[in-house]
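Contents: one structure, followed by commentary.
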Amino acid sequence: MPGPPLSSASLDAAVERLPDDVVALWRDHGLGATADGYLRIVEPTAWQDVLAEVAPRFAAATPLMSSALGDLVVWLDGRAHLLEFRRGTSRIIANRLSTLLVILGYESFLADPDYFDWSPFPEARERLGVPRSDECFGFSPLLALGGRRSAASLEVVDMREHVLLISSVAGPLP
Numbered sequence: 002m003p004g005p006p007l008s009s010a011s012l013d014a015a016v017e018r019l020p021d022d023v024v025a026l027w028r029d030h031g032l033g034a035t036a037d038g039y040l041r042i043v044e045p046t047a048w049q050d051v052l053a054e055v056a057p058r059f060a061a062a063t064p065l066m067s068s069a070l071g072d073l074v075v076w077l078d079g080r081a082h083l084l085e086f087r088r089g090t091s092r093i094i095a096n097r098l099s100t101l102l103v104i105l106g107y108e109s110f111l112a113d114p115d116y117f118d119w120s121p122f123p124e125a126r127e128r129l130g131v132p133r134s135d136e137c138f139g140f141s142p143l144l145a146l147g148g149r150r151s152a153a154s155l156e157v158v159d160m161r162e163h164v165l166l167i168s169s170v171a172g173p174l175p
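If you read the sequence shown in the numbering used here, its first letter stands for residue 2, the second for the next number, and so on.
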């Protein structure tokens, strides 16, 4: 679903350094959401400072999307990477944006642990609603502190603060 437009400054910067299909994502959909609110297109400049702190290896990446479980999808070196702060992992999920967009269209990929592993999002969404674009569901206590990976352990939190908290406890993403 389309959302408000990306800032012109971000769009102008993107045109200079990103593939046309990535720029088209922002032009066509703005800061929209998909997958019942699980994935949200983000303003890349809003995440650059946090990204440099919590995932220095990805400091040059361009943030594309956030998930309702506090993950970021970033574009780096022609690939989409999923940064799963809740687990302390990162991985390549697509070598082309067109592949990523196909993946996003199928709930089976969203539930697949090799892709997005969105469980327990559906149950938490039923209980708590869909988090706003600047929020996410966060495990309490954090998984890094022994929290349980269940919908009952999720609460709505500010996403930037949550990602920074995870990094301060578990360290930056490798």
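Here a beta-carbon is modelled for each residue, glycine too, at the ideal position from N, C-alpha and C.
_Measuring straight from C-alpha to C-alpha, what distance separates Arg84 and Phe117?_
The amino acid occupying residue 84 in the given sequence is Leu; Arg does not appear at that position. Straight-line Cα distance between these residues: approximately 10 Å.
*Pick helix, strand or coil for Val24, following the three-state DSSP scheme.*
helix
*asked:* Using only the alpha-carbon positions, how far apart do His30 and Val23 sit?
replied: 11 Å
*Under three-state DSSP, which class holds Ala56?*
coil
*Using alpha carbons as the reference points, say which of Phe122, Asp21, Glu127 and Leu166 lies closest to Leu143.*
Leu166
_Residue environment, Leu146, which counts as buried when at least 16 other CB atoms sit within 10 Å_ = exposed
_CA-to-CA distance, Arg87 to Phe140, given in whole angstroms_ = 8 Å
*asked:* Helix, strand or coil for Ala34? Go by DSSP, reduced to three states.
replied: strand
*Would you check if there are 3 or more beta carbon pairs closer than 8 Å linking the region 98-118 to the region 149-160?*
no
*Applying the criterion that 16 or more other CB atoms from any shown protein chain within 10 Å of the CB defines a buried residue, is Asp115 buried or exposed?*
exposed
_Sequence ranges, beta strand (DSSP E) only - wholly within the region 40-94, length at least 3_ = 40-42, 63-68, 73-77 and 80-85
*Just reading off the alpha helix (DSSP H) that Val131 is part of, what are its end residues?*
Careful: Val131 lies outside any alpha helix (DSSP H) and carries neither H nor E.
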